[in-house]
Structures are given as C-alpha cells and as structure tokens.
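**Q** The number in my numbering is simply the position in the sequence shown, starting from 1, with 6 added.
Built from N, CA and C at the ideal position, the CB exists for glycine as well.
These numbers come from a predicted model, not from an experiment.
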Amino acid sequence: MSRLFPLAGLLRIRQVEKDLAAAELAAARADAARTAHRRRAARSVLAAGPSQPNSAETVTAIAAARASTSSMLADLGALEAGHRQRIDEARAAHDEARGRQLAIEKLGERFAVEQGVLEARAEQGVLDELAARAWHTRNRGKA
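1) Is the Cβ-Cβ distance between residue 82 and residue 44 less than 8 Å?
2) Rounded to a whole number of angstroms, what is the C-alpha to C-alpha distance between residue 119 and residue 104?
3) Check whether the region 62 to 73 and the region 15 to 22 are in contact - that is, three or more C-beta pairs closer than 8 Å.
4) If contacts are defined as beta-carbon pairs under 8 Å, then residue 37 and residue 100 qualify, I think. What distance do you get, rounded to the angstrom?
5) Which stretch, first to last residue, makes up the alpha helix (DSSP H) that contains residue 117?
6) Report the three-state DSSP secondary structure of residue 35 (helix, strand or coil).
7) Give a yes or no on contact between the region 44 to 54 and the region 17 to 28, applying the rule of three or more CB pairs nearer than 8 Å.
8) Within 10 angstroms of its Cβ, does residue 96 collect 16 or more other Cβ (buried), or is it exposed?
9) Taking the alpha-carbon of residue 108 as reference, which of 40, 19 and 80 has the nearest alpha-carbon?
10) Look at residue 214 and residue 51 and say whether their C-beta atoms are less than 8 Å apart.
11) Looking at residue 9: is its Cβ nearer than 8 Å to the Cβ of residue 121?
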C-alpha cells in the first residue's frame, strides 16, 4: 500500500497562496484598466470642447474646464503609475508563489515515482517468492 505524500498539506497551502497572489494580480490589472478607461474618457472630453466660443464667459468656462480636466489627467497619470507598480509587485508575488508551489509539486512527483518503485519492488519480491515455491513444489521429489 502506498503512503500519502507527506507534504500534501503544504502543497495545498502553496496552491492557496498562488491563487491569492493570482487574484491580487487580477485585481491590480482591473484597477489599472479602469483608470486607463477614465483617463481616455477625460482626454476625449478635453478634445471634444466647443471650437467657437461665443462670449467671454464661454471662454472662461472652457479655460476652467480644460484646467480642471488637465489636472484630473495628471492625477490619473499618477494613479496609473501607482497601478503599474502594484501590478509589478503583484506579478512578482505571484511568480514567487508559483515557484514555491512548483518546488513542492516536483517533490510530490519524485515521491510518487519512488513509491511506484517501492511498490514494484515489493510486488516483484512476492512474484519471485511464489515462483520459487512453485518450482520447489514441482521439483520436490526429482532431486
């Protein structure tokens, strides 16, 4: 009978860690995508302003709106930079967690191979014993 992999519990923990790191990476990417969408929307608003102002108030309003939008674009740019850093950190954490999981998986594979060898060796021993008994039984009176 084969033994269970002694590090099976640790392997499950490593898998959970990798899954959590993958979820964090996905969340960071989703946040970055939302911010990029907001920045594109702000740029299109900035580009779509009226081309022919009718009065001084309109010019003042356009200038204020453009200044506000430009400020918002700068803030979104800084936010995007933060998201890129978060993505890089999350990717590194995910890669590290995946590496730890793979190390335990390789140990598990090696353990399974060794268990297979031990089982095959034990089975061969039983077969050899049966063959030897059968031979002795057949040749008991012939010698």
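**A** On the basis of the data shown:
1) Taking the first residue of the sequence shown as position 1, residue 82 is located at position 76. Taking the first residue of the sequence shown as position 1, residue 44 is located at position 38. In this structure, residue 44 lies closer than 8 Å to residue 82 by Cβ.
2) Residue mapping note: residue 119 aligns to position 113 of the sequence shown, counting from 1. Residue mapping note: residue 104 aligns to position 98 of the sequence shown, counting from 1. Their backbone Cα atoms lie some 22 Å apart in a straight line.
3) They do not touch, by the three-pair rule.
4) Numbered from 1 along the sequence shown, position 31 holds the residue referred to as residue 37. Numbered from 1 along the sequence shown, position 94 holds the residue referred to as residue 100. Not a contact, Cβ separation roughly 16 Å.
5) On the sequence shown, residue 117 is found 111 positions in, with the first residue counted as 1. Under the DSSP assignment, residue 117 falls in the alpha helix (DSSP H) whose first and last residues are 62 to 144.
6) The residue you call residue 35 lines up with position 29 of the sequence shown. If DSSP states are grouped into helix, strand and coil, residue 35 belongs with the helices.
7) No, because fewer than three Cβ pairs between the region 44 to 54 and the region 17 to 28 fall closer than 8 Å, the two stretches do not touch.
8) Position 90 of the sequence shown, counted from the first residue, corresponds to residue 96. Per the 10 Å Cβ criterion, buried.
9) For the purposes of this step, residue 108 is taken as the residue at position 102 of the sequence shown. The candidate whose alpha carbon is nearest that of residue 108 is 19.
10) There is no way to answer for residue 214, as the model of the chain reaches only from 7 to 149.
11) Along the sequence shown, read from residue 1 onward, the residue named residue 9 stands at position 3. Along the sequence shown, read from residue 1 onward, the residue named residue 121 stands at position 115. Yes, these two residues count as a Cβ contact at 8 Å.
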